[in-house]
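Protein chains in written order, with our numbering: chain A, 2 to 246; chain B, 2 to 246.
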């Protein structure tokens, strides 16, 4: 049996940000699985079966990939960004936990350029000092956990990157996050809204926390909140490497 | 004047993890600057000047790249991993802050696969839920700041990735970090030592926090501490996507 599973990160959108390792895995695959728009980024070819599915079907998709590999096929689950950051790698191991017979499978996670690092690069270096990544969606955790993370991140002096700041199901979550940040941080704290980074729709906006409004983020936006030293130089945003004693 | 500066991430070591964007920038460069071992990863060719320098010379290197670009040359500063994560991008903007005449230069930051995401991919998905990245070196910040970050990261329920856990100059820092983690986290909390990921020297070790010792980390090690739900399935380490209410 020569089947395998790869969970591959396609990066934020630009083909120039897809690693050669991921490109090679896609060239060897018999099957590609993933959320509809991510599978849409893989070029069809003879011998390759595409399995697009909805974004709420992560566990079913993981089981499907395991089934394909057990049947000797070479299955690539594609994620946007990096598969280990709020994406399909954790879902695969969750599915695998229930299937001891599949745990010896040939599985590899192939990293990719995650949204926060693509956004940071476009803006300058806002994550150049200690930082946190927080998924603001409360689909998978209670809001009280989101709030706990936000307050400790702020009090610990971290810059923060927010994934999924706003979703259709919970449009008010980001407004609540902004309200907590305003309690914890000074009004001049800089915040970056980076939308659709590395695609033709890319838009970046940096402003003080006091001027940020919930409608500045949508489902394609990655939000970065600087630390108290984060500043602008020319058109760039960056967090200095040093913290004064 | 057609000079430019790029700050490019070479990823953790494997050439298959270098993005096509970075490869293209290196092909167009007239000059490559960086810490000796990173410049050593760039293939020499006619017309390309290599400028290797020591790892304590970040600001001088940034000024050198700016000078080259102002003189019409195409300068790539290379970093390991991602240039925006504890690397050269922030140093470039720090240098640029003192030189208003250079702020209109053509500058781009080219993201790369950062060490924590490469290490996480090799181990499974330990950063599959909210997480922090902390530079444990106290070269650039007082130890009190490191301690504050560690305690808030633990109390906020974050998984943690530690860069520079141990340096020649400060061999005791990681022992102090482990002592703080033992105050904040339960003994069974899982910790991953990932050394030289994606190179022939790669070594991974996962164990409970109670069994971790300071000598398990060296200058090539990336350390990941799971959150309280992080667990092992087969040979894999992962953090579930969900947190129970």
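The beta carbon of each residue, even a glycine, is placed where N, CA and C say it ideally should be.
Whole-Å CB distance - residue i paired with residue j, under 8 Å assumed
i, j, result
"residue 234 of chain B", "residue 94 of chain A", "5 Å"
"residue 67 of chain A", "residue 6 of chain A", "7 Å"
"residue 139 of chain A", "residue 174 of chain A", "6 Å"
"residue 120 of chain A", "residue 225 of chain A", "6 Å"
"residue 126 of chain B", "residue 91 of chain A", "4 Å"
"residue 205 of chain B", "residue 189 of chain B", "19 Å between Cβ atoms; not a contact."
"residue 1 of chain B", "residue 40 of chain B", "No statement about residue 1 of chain B is possible, as the shown extent of chain B runs from 2 to 246 and does not include it."
"residue 238 of chain B", "residue 162 of chain B", "The Cβ separation is near 13 Å, so there is no contact."
"residue 1 of chain B", "residue 111 of chain B", "With chain B covering 2 to 246 only, the question about residue 1 of chain B has no answer from this structure."
"residue 17 of chain A", "residue 241 of chain B", "With 8 Å as the limit, residue 17 of chain A and residue 241 of chain B do not qualify as a contact, their Cβ atoms being about 33 Å apart."
"residue 149 of chain A", "residue 157 of chain B", "6 Å"
"residue 228 of chain A", "residue 160 of chain A", "5 Å"
"residue 62 of chain B", "residue 54 of chain B", "5 Å"
"residue 103 of chain B", "residue 71 of chain B", "6 Å"
"residue 208 of chain A", "residue 186 of chain A", "No, residue 208 of chain A and residue 186 of chain A are not in contact; Cβ-Cβ is about 13 Å, not under 8 Å."
"residue 13 of chain A", "residue 81 of chain A", "7 Å"
"residue 146 of chain A", "residue 244 of chain B", "5 Å"
"residue 4 of chain A", "residue 49 of chain A", "About 15 Å; that fails the 8 Å criterion."
Bounding residues of the beta strand (DSSP E) (the contiguous stretch that carries residue i)
i, result
"residue 30 of chain B", "Taken as a continuous stretch (DSSP letters only), residue 30 of chain B belongs to no beta strand (DSSP E), as it is neither H nor E."
"residue 160 of chain B", "160-164"
"residue 244 of chain B", "Note, residue 244 of chain B: premise wrong, no beta strand (DSSP E); not H, not E."
"residue 209 of chain A", "204-209"
"residue 8 of chain B", "5-10"
Paired residues, beta bridge with residue i - DSSP
i, result
"residue 232 of chain B", "B:239"
"residue 222 of chain B", "B:196"
"residue 23 of chain A", "Residue 23 of chain A is not bridged to any residue."
"residue 251 of chain A", "No information on residue 251 of chain A is available, as it lies outside the stretch 2 to 246 that chain A covers here."
Range covered by the alpha helix (DSSP H) that runs through residue i
i, result
"residue 40 of chain A", "37-40"
Cβ-heavy atom distance, residue i to the ligand NAD, below 7 Å
i, result
"residue 236 of chain A", "You won't find the ligand NAD in this model; it holds no ligand whatsoever."
Write down every uninterrupted run of the alpha helix (DSSP H) in the region 52-129 of chain A whose length is 4 residues or greater and which is fully enclosed by it, in chain order. 59-71, 89-98 and 116-124
With a floor of 4 residues, list each alpha helix (DSSP H) that falls wholly inside the region 132-193 of chain B, ordered by position along the chain. 144-156 and 174-185
So does the region 155-174 of chain A actually touch the region 208-220 of chain A, counting three or more Cβ pairs closer than 8 Å? yes
Whether or not the region 192-207 of chain B and the region 146-153 of chain B are in contact is what I'm after, with contact meaning three or more pairs of Cβ atoms, one per stretch, closer than 8 Å; do they touch? no
Does the region 129-138 of chain B come into contact with the region 123-134 of chain A, if we say contact requires no fewer than three beta-carbon pairs (one atom in each stretch) closer than 8 Å? yes
Does the region 75-89 of chain A come into contact with the region 114-130 of chain A, if we say contact requires no fewer than three beta-carbon pairs (one atom in each stretch) closer than 8 Å? yes
For the structure I just gave you, are there three or more beta carbon pairs, one from the region 30-47 of chain B and one from the region 65-81 of chain B, closer than 8 Å? yes
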